[in-house]
Amino acid sequence: KMKISGYAQMRYNDLYKTNPDMECEQCDGTYGGNDGMSFRRIRIKFSGYLHERVYFYIQPDFAGGNSNNVSLKDAYFDLMFTSDRRWRLRLGQSKVPFGFENMQSSQNRLSLDRNDAINSALKNERDMMAVVYYTPTIVQERFKKLQNQQLKGSGNYGMFALGAFNGQTANNADENLNKHIVTRLTYPFELANGQIFEAGIQAYAGQYVTTKVSEGVMAEVTGENGQKEMVSAEGMEWDDARLGASFIWYAMPFGFQTEYNVGVGPEYDPATNTIQRKPLKGGYAQMSYRLELGQHFLLPFWRYTNYEGGKKFETDARSYDMQEIEVGFEWQPNQAFELVALYAYADRTYNDSLNPDNRQTGSLIRLQAQINF
Amino acid sequence: KMKISGYAQMRYNDLYKTNPDMECEQCDGTYGGNDGMSFRRIRIKFSGYLHERVYFYIQPDFAGGNSNNVSLKDAYFDLMFTSDRRWRLRLGQSKVPFGFENMQSSQNRLSLDRNDAINSALKNERDMMAVVYYTPTIVQERFKKLQNQQLKGSGNYGMFALGAFNGQTANNADENLNKHIVTRLTYPFELANGQIFEAGIQAYAGQYVTTKVSEGVMAEVTGENGQKEMVSAEGMEWDDARLGASFIWYAMPFGFQTEYNVGVGPEYDPATNTIQRKPLKGGYAQMSYRLELGQHFLLPFWRYTNYEGGKKFETDARSYDMQEIEVGFEWQPNQAFELVALYAYADRTYNDSLNPDNRQTGSLIRLQAQINF
Amino acid sequence: KMKISGYAQMRYNDLYKTNPDMECEQCDGTYGGNDGMSFRRIRIKFSGYLHERVYFYIQPDFAGGNSNNVSLKDAYFDLMFTSDRRWRLRLGQSKVPFGFENMQSSQNRLSLDRNDAINSALKNERDMMAVVYYTPTIVQERFKKLQNQQLKGSGNYGMFALGAFNGQTANNADENLNKHIVTRLTYPFELANGQIFEAGIQAYAGQYVTTKVSEGVMAEVTGENGQKEMVSAEGMEWDDARLGASFIWYAMPFGFQTEYNVGVGPEYDPATNTIQRKPLKGGYAQMSYRLELGQHFLLPFWRYTNYEGGKKFETDARSYDMQEIEVGFEWQPNQAFELVALYAYADRTYNDSLNPDNRQTGSLIRLQAQINF
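If you read the sequences in order, they're chains A, B and C.
Every number in this note's numbering is 54 more than the matching position in the first sequence, counting from 1.
Every number in this note's numbering is 54 more than the matching position in the second sequence, counting from 1.
Every number in this note's numbering is 54 more than the matching position in the third sequence, counting from 1.
Next comes the structure, spelled out in structure tokens:
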């Protein structure tokens, strides 16, 4: 009844690293620095059907931070309205249905980290939520097929989703009564020749409260008498909304994938040392190829990412203007083991109160050994 | 040989909450505030018989604090003196046998949190201990029957118990050589018509050391020359003793349950900003009904709680004078899923050095979704 | 495919403790003080072959610190070059192959803690690493035999090992690009009468960075112009190298075991309040006897340990000059449960910036109850 499975990812990011000062907090704690060999993820999943209409999934991670702390990733349960599982109510901490790459498991993703552009919407992709998923039977089957044939699908996060979530990202209590609302529509089309492609749109909106703010960082508010005044930006509420589109041509054998999103949110302003409500935009494009070499698989890939905007959950809603190009490959000698090697070149400007003028460029080679158990 | 099971409780406590400043630290971190959806418990149990006479039970929780930290709940092993399991020595971290509701699993309890009156004896109900349990075969069978028929029994914590525990509550090292001593006697009577009721008494005594004390909070001691002097209350030893009685008329289908305890312990005194040795008292009464609706069960309940005394393990041995009325129901559509909704009205005065005059009253609706796996 | 197993150790170290100020940070948090009953280890292991040539092993511990925190012990995977498993590449966090007692599981060790002399090389014995192990088939079989017959072997960490590891000990990021290199050669000989004995040598070398340094503790460096100057010792790099020899005459029924190592590393100097590069040396000798009493086993043992040198991973690379004698026994009434009782007398001088003149002597009786699941 209960299934225990998981995966682990060990990395070495220090090879030919030209600039250890170029970091990416959201991507990987060892993207910058010279931190040696490290684990990015050690996930153990407990899951199963407890009843014809009740499913649960609990997944802690044992590789948190740079010191292998334990943190909770998923803990949710699905209540099926009908026995054909078309309608589900999901309660708990789970991925917020915004973006394809966000839904796709890191166990399957080609590149080592999720792209900054979409992933900056939701740290760790997750939040506490109540969401309704609708997935017609034929779409359930296609999602399953994409997983069974190891085509790196997202799994079933609904053809249609509508939900409410706390809004302060996973493992954080809410800070206001406002709940974020999210909706998503995605459809996996199958052509006559068997090729599958997926197209989706998604949006969310809510009020985010900035909690990690350096001393002296202010925000402008309108006082009771209509006058503008400056107050500490800590605990301030901000519009937080995004709209995104996704397109995935699954690698059979040639793959192409792109996502883009625009929105608004809090962002640090270096000129005034304030946090302001600012627009944001960004996306990525990725090409890949699935080579079958006897029992081995080799998947070369290329990805370009661009993001301009704040990262609301980082210190001072850190301001970003970044581009990154990655080229690499994934090698699967068997289903239990995978090796990824990639070369990344990035131009990352990220400013906060401590480092208000911080542009870093550089390149590095990244290695990852993964086991699936 | 090894069994893996567990349960998880997701809550929403913000509905019609009239006073977010009314908190209950011991009950639930999201009882006050506007913290949104949250997990109260995510428990995974590893247990089993390793040998005819050796049993083990390890239970971590993945929903600690408001950020889903991991903490150890149980980790104990039972050594049976005889193969009929009448006599057992339990070693490890486990529930201290004081009170019926404390012994009853949160998986089974009707109300969302344990009552303040008895539970204030032992944060998280547990401690490191060595305890001997004696349970005659007929009592073992009745305890089992109460669980198998889902009558919300406590499980087998002995008909008679005698043990020693560190005394600083679970996951804290002891602070003195003194060990707390606990004893308990409980008996489940079965009437001719099958109705079961249980009556118990229990007591513990020891020396507790206050470790969470604000700066400036003092305590009176008698110096070497017999003179009274004031010293910091941090690290002070206090008498810590309670005596309690329990009565449970199991819901077949009407249920009634009450417990009361009196004792002595450290308690903050707002007038003098000191911690003092003070008496404490309190209890609760609960009524419930077990409705069978086809395959569903619906259990309406009502509970009244009152407590006057200190909570030794909270900051400054915080002083309490509280009353709470709860009315709600538990709905079990199947054995895997439960929903609890309740309305609570409380009048809570709780004083410490930071808030020496702190009376909060208010009401809230509380929701809990639980899965059992 | 996946196996879940583990063990737990509960201790009481306060019996007839003559000097609670005598501590051993590396051994056991409750070696000193009066901390009452405590858990030293609660280990749950997830392991198994995922493929003919892929093995994994993940082991968290639920008894970290004095408050039962969770920490990651092992997380590694073995990639076999050949299907006879003679050559393996191990990636991940695992024991660094230095010393026999370090490799031997705490589940099997007679004495409660590892000896200071060898274990001071590597806190928690582990690090992130890539290591190649070579074990001929006959040696594989002997290692297996030592485990199956419960002769307290080390398991298979290779007849020959060569690897690279971060060097800052487990659950810490590396602090420099330098990797430590380790190599080990061990061989279990079997005599005509069936007696097995093992002899091994091992060495490692690298650059260690001191990160836990009190304010004001300095180190001497040579400036650009060749002049000596004093700078803070925090973040300084130090030579860190050891060479060790091991000999184990397995208890069939009489056992004898000894290890010794010499080396160099950072060490606190009380006279100058600096950290300096200093030599280190130390070892232990142990005798034991394996008594079969019906289905019970009783193993009396005696151990003497001596260590002079720094412990690089402790505050200020704390300076040690210690001796300890232990005499005790392990009793195994069945395979699920073990009890160890020992008397320890120690003379421990350990100096750091806060306690620069700190010699502690004393004795204590130590009890441990262990279950194996």
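Every residue, glycine too, gets a C-beta built ideally from N, C-alpha and C.
Asked                                                                                                                      : Found
Proximity of Gln422(C) and Gln63(C) at Cβ, strictly below 7 angstroms                                                      : yes
Distance between beta carbons of Val186(C) and Pro151(C), contact taken as under 8 angstroms                               : Incorrect: roughly 10 angstroms between the Cβ atoms, too far for contact.
Three-state secondary structure (DSSP) of Asn173(B)                                                                        : helix
Runs of beta strand (DSSP E) wholly within the segment 85-143 of chain B (minimum 3 residues, chain order)                 : 91-105, 108-118, 123-134
Straight-line Cα distance separating Lys365(C) from Asp75(C)                                                               : 19 angstroms
C-alpha gap between Gly336(A) and Ala259(A), whole angstroms                                                               : 17 angstroms
Residue burial classification, Ala325(C) (beta-carbon count within 10 angstroms, cutoff 16)                                : exposed
Interface positions of the segment 386-401 of chain B facing chain A (Cβ-Cβ less than 9 angstroms), listed along the chain : Pro387, Asn388, Gln389, Ala390, Phe391
Lys198(A) - DSSP class collapsed to helix/strand/coil                                                                      : helix
Close Cβ partners of Asn232(C) (< 8 angstroms) along its chain, the five nearest in sequence each way excluded             : Gly221, Gly260, Gln261, Glu291
Contact with chain B by Val263(A), beta-carbon distance below 7 angstroms                                                  : no
C-alpha distance - Ser121(C) paired with Glu269(C), whole-angstrom precision                                               : 27 angstroms
Where Phe367(A) falls: helix, strand or coil (DSSP)                                                                        : coil
Residue nearest to Arg413(B) in terms of C-alpha spacing, selected from Asn173(B), Ser373(B), Gln389(B)                    : Ser373(B)
Beta strand (DSSP E) segment containing Asn426(B), residue limits                                                          : 413-426
Residue of Asp401(A), Tyr338(A), Leu347(A) minimising C-alpha distance to Trp356(A)                                        : Tyr338(A)
Minimum Cβ-Cβ distance from Pro114(A) to chain B less than 7 angstroms                                                     : yes
Sheet register partners of Met272(B) (DSSP bridge)                                                                         : Ser286(B), Thr328(B)
Unbroken alpha helix (DSSP H) run spanning Phe154(B), endpoints                                                            : 154-157
Coil, strand or helix - Thr191(B) by DSSP                                                                                  : helix
Beta-carbon gap between Arg331(B) and Asp293(B) smaller than 7 angstroms                                                   : yes
Segments of 3+ residues assigned as beta strand (DSSP E) that fall wholly inside the segment 237-281 of chain B            : 250-263, 272-276
Contact list for Asn230(B) against chain C, beta-carbon separation under 8 angstroms                                       : Asn88
When Phe251(B), Thr359(B), Asn388(B) are compared against Glu380(B), the one with the closest alpha-carbon                 : Thr359(B)
Which listed residue (Phe383(C), Asp370(C), Gly363(C)) has its alpha carbon closest to that of Gln377(C)                   : Gly363(C)
Leu69(C), buried or exposed, once every other Cβ within 10 Å from all chains shown has been counted against 16             : exposed
Boundaries (first-last residue) of the beta strand (DSSP E) holding Asn405(B)                                              : 391-405
Residues bridged to Leu345(B) (per DSSP)                                                                                   : Leu352(B)
CB contact below 7 angstroms: Gly289(B) versus chain C                                                                     : no
Sequence-distant residues of the same chain with beta carbon closer than 6 angstroms to Ala400(C), five excluded per side  : Glu378
Partners in chain C for Thr72(A), counting only beta-carbon separations shorter than 8 angstroms                           : Correct list: empty, because the minimum Cβ distance to chain C is about 13 angstroms.
In DSSP terms, what Asn315(B) is bridged to                                                                                : Gly298(B), Gly336(B)
Buried versus exposed call for Ala246(C) [16 or more other C-beta atoms within 10 Å across all chains shown]               : exposed
Cβ-Cβ distance between Asp132(B) and Ser125(B) below 7 angstroms                                                           : no
Spatially closest choice to Glu251(B) from Thr265(B), Phe301(B), Arg296(B), Glu274(B), by CA coordinates                   : Note that residue 251(B) corresponds to Phe in the displayed sequence, not to Glu. When only C-alpha atoms are compared, the closest one is Phe301(B).
Test: Ala371(B) CB closer than 7 angstroms to a CB of chain C                                                              : no
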